[in-house]
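Structure first, then comments.
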Amino acid sequence: MNNSDKENVLNKSVINWYPGHMAKTRRLISEKFNLIDIVYELIDARIPYSSKIKDIYDVIRNKPKLLIMTKKDLCDLKVTQKWVSYYENLGTKVLLVDLNNNADYKKIIDTTYEMMNKVQQKREGKGLKEKEIRALVVGIPNVGKSTLINKMANRHVADVGNNPGVTKNISWLKTPYNISLLDTPGILWPKISEEKIALNLAAMTSIKQEVLPIDDVAVYILKTLHEYYPTLLKERYQISNVDDFEEVYNVIGKNMGAMKNGEVDYDRVSKKIINDIKMEHIKDITFDR
């Protein structure tokens, strides 16, 4: 992709990526709407604004909702906690969790019981047995939906992957907690109209790498680390500033041995930078401010 093509993608700030299964997901959720008791919306704690589905209320309308911020172990807790407060001030129930921490995912179960308590009490008053809670699990790709489902189901029922688009179908899954989960593929919106949101999603591999030029994503990561986390930048790449990206790439490329015919392989450097976040070599970061 040449420079004018890149400018055409980024300067217009309209990125189209809406696979058919995502459109199908929205339709199927609408069809099953009356069966749903509560919605689990998962977002990435490193990008708690960019990873939030913009028109989710058009789909779930007035259903009780629990906003689950995943990847607590990877985020900058001080910054992300401000986002927790922000959403709570809007009246949303929020949990910040590490889905690999048993105590954290059990908080989701306990909070679900609390949120559904009035419904269960009303049924008890009518002499009815306790209702099986039906929870819709939604979120953009790669925020941990399958991890949550496998934990709650206490067995491997959903594929887990560090790439967007692992889950393709929609299905009900039983758990031992009197909660059934409606698993859904990751949803994005038809057009990502803000450049920074698109770059944040790409940096956290919530959209596929081919959607944006990888060098633009890698440079964005370096710029953001330089702005917010200069110590991490120094520790990981042995660079202190990003004024000259040709020099930056040369330093990183030589340090990692990304050479081709005696010259630095810039594509390999870009992929390395993106993969450093994907493979969790760079932690304690939150890009949304």
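Letter by letter, the sequence shown follows residues 3 to 291 of the working numbering. Where a beta carbon is used, it is the ideal one built from N, C-alpha and C, also for glycine.
**Message:** Under DSSP, the alpha helix (DSSP H) around Y115 begins and ends at which residues?
**Reply:** For the purposes of this step, residue 115 is identified with residue 113 of the sequence shown, where counting begins at 1. Element bounds for Y115: 104-117.
**Message:** Does the segment 232-241 come into contact with the segment 64-80, if we say contact requires no fewer than three beta-carbon pairs (one atom in each stretch) closer than 8 Å?
**Reply:** no
**Prompt:** Out of curiosity, what's the CA-to-CA distance linking Q122 and I111?
**Reply:** Against the sequence shown, residue 122 aligns to sequence position 120. Against the sequence shown, residue 111 aligns to sequence position 109. So the alpha carbons of these two residues sit roughly 15 Å apart.
**Request:** Look up E196 in the DSSP assignment and say whether it is helix, strand or coil.
**Result:** Residue numbering aside, residue 196 sits at position 194 when the sequence shown is read from its first letter. Reduced to three states, the DSSP call for E196 is coil.
**Prompt:** Starting from I38 and walking both ways along the beta strand (DSSP E), at which residues does that stretch end?
**Reply:** Within the sequence shown, residue 38 is the residue found at index 36, counting from 1. Note, I38: premise wrong, no beta strand (DSSP E); not H, not E.
**Request:** Output yes or no for whether 9 Å exceeds the beta carbon distance between I194 and I209.
**Result:** One-based indexing of the sequence shown puts residue 194 at position 192. One-based indexing of the sequence shown puts residue 209 at position 207. Yes, they are a contact pair.
**Request:** Measure the C-alpha to C-alpha separation of D185 and I38 and round it to an integer number of angstroms.
**Result:** As a first step, residue 185 is located in the sequence shown; it is residue number 183 there, counting from the start. As a first step, residue 38 is located in the sequence shown; it is residue number 36 there, counting from the start. Whole-angstrom Cα-Cα distance: 12 Å.
**Request:** Leaving out five residues on either side along the sequence, give the residues of the same chain with a beta carbon under 8 Å from the beta carbon of Y107.
**Result:** The sequence position of residue 107 within the sequence shown is 105, counting from 1. Excluding its 5 nearest sequence neighbours in each direction, Y107 has C-beta neighbours in its own chain below 8 Å: V99, L101, L150, K153, M154, listed in chain order.
**Request:** Can you check the segment 204-291 for any alpha helix (DSSP H) of at least 4 residues that lies completely inside it and give the ranges in chain order?
**Result:** Along the segment 204-291, the alpha helix (DSSP H) occurs as fully enclosed runs of 4 or more residues at 216-230, 232-239, 247-258, 268-280, listed in sequence order.
**Item:** R151 - containing beta strand (DSSP E), residue span
**Value:** On the sequence shown, residue 151 is found 149 positions in, with the first residue counted as 1. The residue asked about is misnamed: residue 151 is Ile in this sequence, not Arg. That residue, I151, is in no beta strand (DSSP E); its alpha helix (DSSP H) goes 147-155.
**Message:** Check this for me: beta carbons of D269 and D217, under 9 Å apart or not?
**Reply:** In the sequence shown, the residue the question calls residue 269 occupies position 267. In the sequence shown, the residue the question calls residue 217 occupies position 215. Going by C-beta atoms, D269 is nearer than 9 Å to D217.
**Prompt:** For the putative contact between L138 and I70, defined by C-beta atoms under 8 Å, what is the C-beta separation to the nearest angstrom?
**Reply:** The residue given as residue 138 occupies position 136 in the sequence shown. The residue given as residue 70 occupies position 68 in the sequence shown. Wrong, their Cβ atoms sit about 12 Å apart, outside the cutoff.
**Message:** If you follow the beta strand (DSSP E) that D185 is in, where does it begin and where does it stop?
**Reply:** For the purposes of this step, residue 185 is taken as residue 183 along the sequence shown, with counting starting at 1. First-last of the beta strand (DSSP E) with D185: 181-185.
**Alpha carbon of N36 to alpha carbon of E196, nearest angstrom** = By 1-based counting over the sequence shown, the position of residue 36 is 34. By 1-based counting over the sequence shown, the position of residue 196 is 194. When rounded, the distance between both Cα atoms is 33 Å.
**Exposure label - A25; buried when at least 16 CB within 10 Å** = The count along the sequence shown starts at 1 and reaches residue 25 at position 23. Looking at its Cβ environment, which holds fewer than 16 other Cβ atoms inside 10 Å, A25 is exposed.
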